[in-house]
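> Could you have a look at this structure, given as structure tokens, before my questions?
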Ligand code: C2O
Ligand code: CU
Ligand code: CU
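Encoded structure:
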């Protein structure tokens, strides 16, 4: 039985509304425990060592949950395809847009020239093509990804599963090549009773959309079976629009060995790990010596300060995938290198900037949300708007507001406006950004074109703490009222975006840019 039948809470939601039960049925029809599929690799057409390919973006009928086909918008007809290159490679990718709306491609995590990664700018119109050309820098090895970035179309495109993985392999990997390693790309989907991607609701816009079908590599709860005692490497991308993944592996500690920007210096043992939208993690797991066992890799509930009625799945653990030991004799123990890389701490900053995240909403937004959320359990009590910045949302053109609640998410009191630049910086300059979350919800803060180090963060009591280990990241979670300090250097000139990686918050204004000269 599917996970949605596990709690009385869900039974309540299912019996009360037809629409809800149709969706839940679909989830149950998706098979579980199929062998984990590898991400489908995008072909390299280049005969040299470098990489050249073509991505065709089009509505693609996919058989997901039943006889009807779901129209997803996919690159090369694949759910979560994979591009694989090596650091130093020259890359040429032609993107053909066969959607009925404009798009762009953002190479999330790649430190490439701005002309090839302009975020919401440089639209590829319907039936047009654009060729991206760049060289992957040395030192940029890691698990990255690509996804669209056109303003006003982004949330819809992400909801239709437009995203792929971009793996940059190092010249020399400190880990042995025969170590079993798997790439996992996590997405979610919500379908309507016709099996098509459901339109956004006000609740989606407010909180960031969470689909009720949770997928790993396009599969529901796939299974990965290995010899008992095996050491394996799992590298994961949270490509969901709004879902936070508080990861835990049944009966196993997890060793974190890498983050968005590549390896940590050495592994860190954790009981659980919070992977927020946009982030990647690199994990080592030493599987139990016991044969014929199964262990769930789960997402535990995490309260990201949801506004209004909470969806049923939010409150229960969800299984992402199942790890299993087979009946083989135990795999021999492996000795892996202690030290994986060197991370030099970034020095004192030359420039300091303040970045405040906030939201503005009118009472109307809350009223329509609670009506819409009738079929869901209401457990959150945040019913108050945050009006410190004036009611800016009401001044937006009506056309922009269609289907969206009158709420805006702001950076330093501003809603994103194309062409408007918030900061000006210099190539090579050491920057320190103090991020202050002055809103009621958690926000995953993301920067384009570079990676940062978190150098200080406030704990729940507001006391500044130094993180336990150095890591290169491009996305970090900020809780309400929390402040944290990032250090970063841009080595490429141009206008670089920074934004909340909850896709709907980004669309509703929580994005700005720095012009690096
Ligand atoms: Cu993956 Cu601008 O983001
Ligand atoms: Cu990005
Ligand atoms: Cu946000």
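Residue numbers (mature numbering (1 follows the signal peptide of the UniProt record, and there is no 0)): -13 to -1, 1 to 504. Heads up, the beta-carbon is just placed ideally off N, CA and C, and yes, glycines get one too. The model shown is predicted, which means the values in this text are computed figures rather than measured ones.
1) On the DSSP letters alone, give me the boundaries of the beta strand (DSSP E) that residue 95 sits inside.
2) Hey, residue 280 and residue 257: beta-carbon distance below 9 Å or not?
3) For residue 142, which of helix, strand or coil comes out of DSSP?
4) Are the Cβ atoms of residue 220 and residue 167 separated by less than 9 Å?
5) Applying the 10 Å Cβ sphere with the 16-neighbour rule, what's the burial state of residue 251?
6) So, using beta-carbon positions, are residue 211 and residue 174 closer together than 9 Å?
7) Verify whether the separation of the beta carbon atoms of residue 200 and residue 178 is less than 9 Å.
8) Taking 8 Å as the cut-off, is the beta-carbon of residue 265 closer than that to any non-hydrogen atom of ligand 1?
9) Is the CB of residue 123 under 9 Å away from at least one CB in chain C?
10) Using only the alpha-carbon positions, how far apart do residue 151 and residue 225 sit?
11) Rounding to the nearest angstrom, what Cα-Cα distance links residue 20 and residue 204 in this structure?
12) Could you tell me which of 127, 283 and 122 sits nearest to residue 80, measuring between CA atoms?
13) Who's in the neighbourhood of ligand 3, going by beta-carbon under 5 Å from any heavy atom, listed in chain order?
14) Since residue 217 and residue 274 are thought to touch, with beta carbons under 8 Å apart, how far apart are those beta carbons, to the nearest angstrom?
15) Return the CA-CA distance between residue 301 and residue 234, expressed in angstroms with no decimal places.
16) Given that a residue counts as buried once 16 or more other Cβ atoms are within 10 Å of its Cβ, and exposed if not, what is residue 215?
17) Given this structure, state the Cα-to-Cα distance separating residue 238 from residue 197, to the nearest angstrom.
18) Which whole-angstrom value describes the C-beta separation of residue 98 and residue 436, a residue pair presumed to lie in contact below a C-beta threshold of 8 Å?
19) Taking the alpha-carbon positions, what's the residue 493 to residue 402 distance?
20) Determine, using beta carbons only, whether residue 324 and residue 186 come nearer to each other than 9 Å.
21) List the endpoints of the continuous beta strand (DSSP E) containing residue 348.
22) Would you say residue 478 touches ligand 2, meaning its beta carbon is less than 8 Å from a heavy atom?
23) Could you tell me if residue 62 is buried or exposed, where buried requires 16 or more neighbouring beta carbons within 10 angstroms of its beta carbon?
24) Who are the near neighbours of residue 317 in its chain, counting only those whose CB is closer than 6 Å to its CB and skipping five residues on each side?
25) Can you tell me whether residue 109 sits near ligand 2, meaning its C-beta is under 8 Å from at least one heavy atom of the ligand?
26) Does ligand 2 have even one heavy atom less than 8 Å from the beta-carbon of residue 249?
27) To which residues does DSSP link residue 397 through a beta bridge?
28) Residue 315 by DSSP, collapsed to three states: which one?
29) With a Cβ-Cβ cutoff of 9 Å, do residue 37 and residue 78 count as a contact?
30) What's the gap between the Cα of residue 501 and the Cα of residue 337?
31) Could you tell me which residues DSSP puts in a beta bridge with residue 83?
32) As a quick exercise: from 278, 136, 304 and 127, pick the residue whose alpha carbon is nearest that of residue 208.
33) Hey, would you say the C-beta of residue 433 is under 8 Å away from at least one heavy atom of ligand 2?
34) Which of the three DSSP states is assigned to residue 183 in this structure?
35) Return the CA-CA distance between residue 341 and residue 266, expressed in angstroms with no decimal places.
36) Taking Cβ positions, are residue 269 and residue 459 nearer each other than 9 Å?
To lay it out plainly:
1) In the chain shown, residue 95 corresponds to position 108, counting from 1. Unbroken beta strand (DSSP E) run through residue 95: 93 to 95.
2) For this step, residue 280 is matched to residue 293 along the chain shown. For this step, residue 257 is matched to residue 270 along the chain shown. The answer is no: Cβ separation not under 9 Å.
3) Here residue 142 refers to the residue found at position 155 when the chain shown is read from its first residue. In the structure shown, residue 142 sits in a helix (DSSP, three-state: H, G or I).
4) Residue numbering aside, residue 220 sits at position 233 when the chain shown is read from its first letter. Residue numbering aside, residue 167 sits at position 180 when the chain shown is read from its first letter. Taking 9 Å as the Cβ cut-off, residue 220 and residue 167 qualify as a contacting pair.
5) Counted from its first residue, the chain shown places residue 251 at position 264. Per the 10 Å Cβ criterion, buried.
6) Here the question's residue 211 lines up with position 224 in the chain shown. Here the question's residue 174 lines up with position 187 in the chain shown. Their beta carbons are not under 9 Å apart, which means residue 211 does not touch residue 174 by this criterion.
7) As a position in the chain shown, residue 200 is number 213, starting the count at 1. As a position in the chain shown, residue 178 is number 191, starting the count at 1. The beta carbons of residue 200 and residue 178 sit closer together than 9 Å.
8) Here residue 265 corresponds to residue number 278 of the chain shown, with the count starting at 1. Yes, the Cβ of residue 265 comes within 8 Å of a heavy atom of ligand 1.
9) Protein chains in the displayed structure number just one, and chain C is not present.
10) Here residue 151 refers to the residue found at position 164 when the chain shown is read from its first residue. Here residue 225 refers to the residue found at position 238 when the chain shown is read from its first residue. Spanning the two alpha carbons is a distance of roughly 11 Å.
11) The residue labelled residue 20 in the question sits at position 33 within the chain shown. The residue labelled residue 204 in the question sits at position 217 within the chain shown. Here the alpha carbon of residue 20 sits roughly 13 Å from the alpha carbon of residue 204.
12) Taking the first residue of the chain shown as position 1, residue 80 is located at position 93. Among 127, 283 and 122, the Cα nearest to that of residue 80 is on 122.
13) Here the residues come out as 430, 487, 489 and 492.
14) Start at 1 with the first residue of the chain shown, and residue 217 comes out as number 230. Start at 1 with the first residue of the chain shown, and residue 274 comes out as number 287. Taking 8 Å as the upper bound for CB-CB distance, residue 217 and residue 274 are in contact here, some 5 Å apart.
15) Counting from one through the chain shown, the residue named residue 301 turns up at place 314. Counting from one through the chain shown, the residue named residue 234 turns up at place 247. Whole-angstrom Cα-Cα distance: 14 Å.
16) Counting from one through the chain shown, the residue named residue 215 turns up at place 228. Buried, since its Cβ has 16 or more Cβ neighbours within 10 Å.
17) Taking the first residue of the chain shown as 1, we reach residue 238 at position 251. Taking the first residue of the chain shown as 1, we reach residue 197 at position 210. Cα-Cα distance, rounded: 27 Å.
18) Position 111 of the chain shown, counted from the start, is the residue given in the question as residue 98. Position 449 of the chain shown, counted from the start, is the residue given in the question as residue 436. That belief holds up - the Cβ atoms of residue 98 and residue 436 are roughly 6 Å apart, short of 8 Å.
19) Counting from one through the chain shown, the residue named residue 493 turns up at place 506. Counting from one through the chain shown, the residue named residue 402 turns up at place 415. The straight-line gap from Cα to Cα measures roughly 9 Å.
20) Walking along the chain shown from the start, residue 324 turns up at place 337. Walking along the chain shown from the start, residue 186 turns up at place 199. Judged by beta-carbon spacing, residue 186 lies beyond the 9 Å limit of residue 324, meaning their Cβ atoms are not closer than that value.
21) On the chain shown, position 361 is the one that residue 348 refers to. Per DSSP, the unbroken beta strand (DSSP E) holding residue 348 starts and ends at 338 to 348.
22) Within the chain shown, residue 478 is the residue found at index 491, counting from 1. Checking the 8 Å criterion, the Cβ of residue 478 is out of range of every heavy atom belonging to ligand 2.
23) To locate residue 62, count along the chain shown from 1; it is residue 75. Around the CB of residue 62, 16 or more other CB atoms lie within 10 Å, so the residue is classed as buried.
24) Here residue 317 refers to the residue found at position 330 when the chain shown is read from its first residue. 215, 216 and 276.
25) Residue mapping note: residue 109 aligns to position 122 of the chain shown, counting from 1. The answer is no for residue 109.
26) Here residue 249 refers to the residue found at position 262 of the chain shown. Incorrect: residue 249 has no Cβ contact closer than 8 Å to ligand 2.
27) By 1-based counting over the chain shown, the position of residue 397 is 410. Per DSSP, the beta bridge partners of residue 397 are 345.
28) To locate residue 315, count along the chain shown from 1; it is residue 328. Coil at residue 315, not helix or strand.
29) For this step, residue 37 is matched to residue 50 along the chain shown. For this step, residue 78 is matched to residue 91 along the chain shown. Against a cut-off of 9 Å, the Cβ pair of residue 78 and residue 37 comes out as a contact.
30) The sequence position of residue 501 within the chain shown is 514, counting from 1. The sequence position of residue 337 within the chain shown is 350, counting from 1. Approximately 16 Å between the Cα atoms of the pair.
31) Position 96 of the chain shown holds residue 83. Per DSSP, the beta bridge partners of residue 83 are 43 and 116.
32) Taking the chain shown and counting its residues from 1, one reaches residue 208 at position 221. The residue with the shortest Cα to Cα distance from residue 208 is 304.
33) One-based indexing of the chain shown puts residue 433 at position 446. Distances from the CB of residue 433 to the heavy atoms of ligand 2 include at least one below 8 Å.
34) Here residue 183 refers to the residue found at position 196 of the chain shown. DSSP places residue 183 in coil when its eight states are reduced to three.
35) Position 354 of the chain shown, counted from the start, is the residue given in the question as residue 341. Position 279 of the chain shown, counted from the start, is the residue given in the question as residue 266. Roughly 23 Å between the two C-alpha positions.
36) Your numbering for residue 269 matches position 282 in the chain shown. Your numbering for residue 459 matches position 472 in the chain shown. No, these two residues do not count as a Cβ contact at 9 Å.
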